[in-house]
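Below is one structure, written out as structure tokens; the observations come after it.
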Amino acid sequence: MFYRYEAVNKNTGEFEGIFSFFNPSERRYFNRFLREPKWYEKNPDVESRCWFTKEGYDKYHHIIDEIIESHNQWPSTRLEVRLLTKETLENVVCKGKVQCIEVTT
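Under the numbering used here, think of the first position of the sequence shown as 28, with each following residue one higher.
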């Protein structure tokens, strides 16, 4: 099973990966536990989605939930969040123990 958090971009109404909504201090906090996959350094312009594996979700979901909860304390930073799940991924370009990257184009 694979898991992906998304939140609504208030400007477009579209769902996007949750990490784009974290402020710099929240990203630094989360990066203490899990770094951004190196694949993104070499492929910054490739349309993709990052998913947690079951092991990654079990290990890190409480940290993401904590950050979401801190956002939702204030109306101006409230996030409308959804958690997507998939049994399998297509076009996987990077598969790790806790994260996988799926190319979407």
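Glycine residues also receive a C-beta, built at the ideal position from the N, C-alpha and C atoms. As the structure is a computational prediction, the values presented were derived from the model and not from experiment.
Cβ-Cβ separation, residue j to residue i (assumed contact under 8 Å), whole Å
i: V73; j: V35; result: With a Cβ gap of about 23 Å, V73 and V35 do not count as contacting.
i: I45; j: I90; result: With 8 Å as the limit, I45 and I90 do not qualify as a contact, their Cβ atoms being about 11 Å apart.
i: R31; j: W78; result: 5 Å
i: F57; j: F48; result: Wrong, their Cβ atoms sit about 12 Å apart, outside the cutoff.
Same chain only: Cβ atoms within 7 Å of residue i, ignoring 5 sequence neighbours per side
i: K81; result: M28
i: K86; result: V125
i: D95; result: Rather than Asp, the amino acid found at residue 95 in this sequence is Ile. Correct list, in chain order: L106, V108.
i: E135; result: What is shown of the chain runs 28 to 132, which leaves residue 135 out entirely.
CA nearest to the CA of residue i, picked from the options
i: E43; options: G123, N50, E33; result: E33
i: H98; options: E41, S52, N38, N118; result: S52
i: N19; options: Q100, R76, K37; result: No information on residue 19 is available, as it lies outside the stretch 28 to 132 that the chain covers here.
Close beta carbons around residue i, own chain, < 6 Å, minus the five adjacent residues each side
i: V120; result: I128, V130
i: Y84; result: Y30
May I ask you to verify whether the stretch 61-69 touches the stretch 95-112, counting CB pairs closer than 8 Å and requiring at least 3? Touching, no.
Counting only runs that start and end within the stretch 41-109, where is the beta strand (DSSP E) found for 3 or more residues in a row? Whole beta strand (DSSP E) segments, 3+ residues: 42-44, 75-80.
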